[in-house]
Amino acid sequence: MKIAQNLLPVPPHYMKAAEQQQVREMTGPTGRPAGDHRSAERIIEQSPVFARFLAGRDYYEVEDYLKQQVGDWTASNPNPESRANAAYDLDKVLRFIDNLDDRTLNASHSRNGKIDGFSSDGYSTEPHSEASVLKAFSREGYSVLRNLAT
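End of the sequence shown sits at 1644 in our numbering; the numbers just go up one at a time, nothing left out.
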């Protein structure tokens, strides 16, 4: 007799080890995989960490730099495909950072669905926090993520 297992669904902001490794190996934005036709709005809506990030004022200091790394996910970008690809790439980065080992970070809690460590409405970041990693990524790119513990 087979016993049904009641497994809880994996929260959308959790990342499996294979996906974490994929992000570590990225050298630039990749866009959505073949067959993923979600809009930027849908990607943001399905990502608690992305939605919370945009709901606050924390991203103002890093927004323009993030756009240089992943592209423009906002309505300012008139191309819906480009906007969706940028949203997909930023979602991967935000989820990766949210999954970092919080024992190596300050003012951060791993896998809580938000980027911790912003202060003063996003105009400063706690040293060695998820927010400081995002700030470093926004300025230096994907290489910042390569050797971080998850």
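Even glycine gets a Cβ: it sits at the ideal position worked out from N, Cα and C.
Residue of the options minimising C-alpha distance to residue i
i	options	result
lysine 1629	Val1587, Gly1607, Ala1569, Gly1550	Val1587
glutamate 1620	Leu1599, Arg1605, Pro1572	Leu1599
tyrosine 1582	Glu1539, Arg1640, Ala1512, Val1627	Glu1539
threonine 1521	Phe1631, Ser1541, Arg1536	Phe1631
serine 1623	Lys1608, Glu1634, Pro1542	Lys1608
threonine 1644	Asp1592, Ser1626, Ser1618	Asp1592
aspartate 1566	Ala1580, Tyr1553, Ser1614	Ala1580
tyrosine 1553	Lys1510, Glu1519, Ser1626, Met1509	Ser1626
aspartate 1615	Leu1639, Ala1549, Ser1576	Ala1549
histidine 1531	Tyr1617, Ser1576, Arg1605	Ser1576
asparagine 1641	Gly1529, Glu1519, Glu1513, Val1556	Glu1519
arginine 1526	Asn1606, Arg1633, Pro1574, His1603	Pro1574
proline 1505	Arg1605, Val1638, Val1556, Tyr1617	Arg1605
serine 1613	Asp1585, Arg1551, Ser1637, Asp1558	Arg1551
serine 1637	Tyr1617, His1507, Gln1515, Thr1568	Gln1515
arginine 1536	His1603, Thr1568, Met1509, Glu1513	Thr1568
alanine 1545	His1507, Glu1513, Asp1558, Ala1512	His1507
Three-state secondary structure assigned by DSSP to residue i
i	result
threonine 1568	coil
serine 1602	coil
serine 1637	helix
serine 1613	strand
serine 1623	coil
Contact check, residue i vs residue j, beta carbons under 8 Å
i	j	result
glutamine 1563	glycine 1611	no
alanine 1650	alanine 1578	The question about residue 1650 has no answer, for the chain in this structure spans 1495 to 1644.
valine 1543	arginine 1589	yes
glutamate 1639	valine 1556	Checking the displayed sequence, the identity of residue 1639 turns out to be leucine instead of glutamate. It is not a contact, given that the beta carbons lie outside the stated cut-off.
leucine 1560	leucine 1594	no
Continuous alpha helix (DSSP H) stretch holding residue i: start and end
i	result
aspartate 1585	1574-1592
>> Give the list of continuous alpha helix (DSSP H) stretches no shorter than 4 residues that lie fully inside the segment 1517-1560.
In response: DSSP runs (the alpha helix (DSSP H)) wholly in the segment 1517-1560: 1534-1539, 1542-1549.
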